[in-house]
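**Q** Sequence lines, in order, name chains A and B.
Numbering-wise (my numbering), the first sequence opens with residue 1 and increments by one.
Numbering-wise (my numbering), the second sequence opens with residue 154 and increments by one.
Backbone N, C-alpha and C define an ideal beta-carbon position, used for all residues, glycine too.
This is the structure, below, for whatever I ask next.
Number of protein chains: 2
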Amino acid sequence: MKIIDITKGEMIQRSGDLTSKAYIVTQELLRSYLVDEKGKEHIFTFAPAGWIVADNRLPNTPCDLFIDALEDSQVEVYTNATDLDPQPQKLLNRLAVLQKRIIMLMSATAIERYEHFEEIYPDIVQRVPQKMIASYLGITPEALSKVKSQRAK
Amino acid sequence: MKIIDITKGEMIQRSGDLTSKAYIVTQELLRSYLVDEKGKEHIFTFAPAGWIVADNRLPNTPCDLFIDALEDSQVEVYTNATDLDPQPQKLLNRLAVLQKRIIMLMSATAIERYEHFEEIYPDIVQRVPQKMIASYLGITPEALSKVKSQRAK
DNA sequence: ATCATTTATTAATCTAGGTTAAGCGCGAAA
DNA sequence: TTTCGCGCTTAACCTAGATTAATAAATGAT
Numbered sequence: 001m002k003i004i005d006i007t008k009g010e011m012i013q014r015s016g017d018l019t020s021k022a023y024i025v026t027q028e029l030l031r032s033y034l035v036d037e038k039g040k041e042h043i044f045t046f047a048p049a050g051w052i053v054a055d056n057r058l059p060n061t062p063c064d065l066f067i068d069a070l071e072d073s074q075v076e077v078y079t080n081a082t083d084l085d086p087q088p089q090k091l092l093n094r095l096a097v098l099q100k101r102i103i104m105l106m107s108a109t110a111i112e113r114y115e116h117f118e119e120i121y122p123d124i125v126q127r128v129p130q131k132m133i134a135s136y137l138g139i140t141p142e143a144l145s146k147v148k149s150q151r152a153k
Numbered sequence: 154m155k156i157i158d159i160t161k162g163e164m165i166q167r168s169g170d171l172t173s174k175a176y177i178v179t180q181e182l183l184r185s186y187l188v189d190e191k192g193k194e195h196i197f198t199f200a201p202a203g204w205i206v207a208d209n210r211l212p213n214t215p216c217d218l219f220i221d222a223l224e225d226s227q228v229e230v231y232t233n234a235t236d237l238d239p240q241p242q243k244l245l246n247r248l249a250v251l252q253k254r255i256i257m258l259m260s261a262t263a264i265e266r267y268e269h270f271e272e273i274y275p276d277i278v279q280r281v282p283q284k285m286i287a288s289y290l291g292i293t294p295e296a297l298s299k300v301k302s303q304r305a306k
């Protein structure tokens with residue numbers, strides 16, 4: 001394991017890569033995202049300090065995700081996801097987070113997803129542009145702006 | 154670990170339960186699903202033989218999912234998810250599956266999601282009613298019926 | 001075989017959110 | 001200080017999918 005610094009905007013993994021590492025964020029903030037066939041960007045995860053970022057892929061399949069830094073950051077690099085977790089509880093927590101995400105995507109409206117996000121990640125709401133939050137929620141920035149102004153009434 | 158038989162329709166876990174177990178399916182087919190605040194049912198996972206079914210939840214939080222059998226089935230019961238996986242690769246695979254699912258929900262249309270499902274789970278398409286597939290895809294049975302008939306042209 | 005229940009299809013209408021486009025405020029660079 | 005670029009908002013219009021409802025087909029129970 002080694003530690004590396006990443007400057008804001010720097011990319012440490014690309015979609016299509018055939019090898020991927022796992023990172024534990026020690027400082028600041030990264031994100032992982034994908035670009036779909038229509039060319040649209042979707043944020044998969046925000047990763048503040050203490051979180052893991054990695055592309056969770058089946059063996060021998062290419063990466064889907066890009067990973068870059070939203071602020072000047074620092075991460076611990078692990079050569080693969082399996083040796084990153086002596087205690088499986090960390091992996092189970094990640095499963096729990098992804099499960100909740102799927103449940104939200106399937107059952108909640110745009111404004112409900114936003115309010116849930118505000119509750120769970122109040123600090124991130126302050127640190128990233130609103131259009132990135134929209135991207136994470138699976139809606140357009142225009143739609144997010146609209147539902148927020150409707151809620152205000 | 155012990156093995157139990159489950160008859161079609163039998164429920165082995167309920168949303169709100171404060172304890173949950175993990176199951177490896179040895180025979181036939183189970184599903185996990187949730188009921189949202191509007192009372193609508195959403196299938197979270199189909200679990201054919203060889204798969205794991207479990208509610209992936211953070212420690213000390215109640216279950217979100219119901220788990221029941223779609224056919225007469227048999228499972229191995231593990232008292233908790235951590236002792237179910239000596240080899241972490243299984244957990245990583247589950248992460249990969251959930252990640253793909255989120256990507257599909259965020260970036261694909263109804264018919265694209267259906268075609269992806271057909272590719273990945275051809276056997277399940279044959280075994281469960283179409284409305285359950287719609288529920289898994291995050292759309293209504295009517296919408297699935299519509300896009301399939303449009304595709305036929 | 002008959003009846004009841006569940007599932008699938010189709011069609012009409014409605015709505016959340018997408019698309020396009022214009023205008024505005026603000027911070028960074030010259 | 002101006003200007004450029006970016007992020008946010010608003011508004012008009014459009015579309016995928018939801019809702020409701022009616023009918024038909026399949027499945028299961030007696």
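Residues in the region 207-220 of chain B with C-beta within 9 Å of chain A's C-beta atoms, listed in sequence order?
**A** Residues passing the 9 Å Cβ filter: Ala207, Asp208, Asn209, Arg210, Leu211, Pro212, Thr214, Asp217, Leu218.
**Q** For Leu98/A and Leu251/B, what's the separation of their Cα atoms in angstroms?
**A** Distance between the alpha carbons of Leu98/A and Leu251/B is about 7 Å.
**Q** Run down chain A in chain order and give the residues with a C-beta less than 9 Å from the C-beta of Asp189/B.
**A** Those within 9 Å of Asp189/B in chain A are Ile103, Met106, Ser107, Ala108.
**Q** Quick check on Leu187/B: does DSSP put it in helix, strand or coil?
**A** Three-state DSSP puts Leu187/B in a strand.
**Q** Take every Cβ of the region 50-68 of chain A, pair it with every Cβ of the region 27-35 of chain A, and state whether three or more of those distances are shorter than 8 Å.
**A** The region 50-68 of chain A is in contact with the region 27-35 of chain A.
**Q** Give the interface partners of Thr293/B over in chain A, defined as CB-CB distance under 9 Å, in chain order.
**A** Simply none; closest approach about 12 Å.
**Q** According to the Cβ coordinates, are Pro215/B and Asp276/B closer than 8 Å?
**A** No, Cβ-Cβ distance for Pro215/B and Asp276/B is not below 8 Å.
**Q** Taking just the CA atoms, how far does Leu65/A sit from Ile159/B?
**A** Taking the straight line joining both Cα atoms gives about 39 Å.
**Q** Note down the Cα distance separating Asn80/A from Ser149/A, rounded to an integer number of angstroms.
**A** One C-alpha to the other measures close to 44 Å.
**Q** Name, in chain order, the residues that DSSP records as bridge partners for Gln227/B.
**A** Gln227/B pairs with Asp158/B, Gln180/B.
**Q** Tell me which residues of the region 167-182 of chain B have at least one Cβ-Cβ distance to chain A shorter than 7 Å, keeping chain order.
**A** Listed in sequence order: no entries.
**Q** Are the C-beta atoms of Thr232/B and some chain A residue less than 8 Å apart?
**A** No, Thr232/B does not count as interfacial toward chain A.
**Q** Once you ignore the five residues that flank Pro201/B on each side, which residues in its own chain have a CB closer than 6 Å to its CB?
**A** Hits under 6 Å: Leu182.
**Q** Output, in chain order, the set of chain B residues within a Cβ distance shorter than 8 Å of Thr82/A.
**A** By Cβ distance, chain B contributes Pro241, Gln242, Leu245.
**Q** So with Cβ pairs under 8 Å, would you call Gln227/B a contact of chain A?
**A** With 8 Å as the cut-off, Gln227/B does not count as an interface residue toward chain A.
**Q** Measuring only the C-alpha atoms, how far is Arg348/B from Met104/A?
**A** With chain B running from 154 to 306 in the structure shown, residue 348/B is simply not present.
**Q** Considering only residues of the region 44-121 of chain A, which uninterrupted beta strand (DSSP E) runs meet the minimum length of 3 residues and lie entirely inside it, listed in chain order?
**A** Listed in chain order, the complete beta strand (DSSP E) runs (minimum 3 residues) inside the region 44-121 of chain A are 52-54, 66-69, 73-78.
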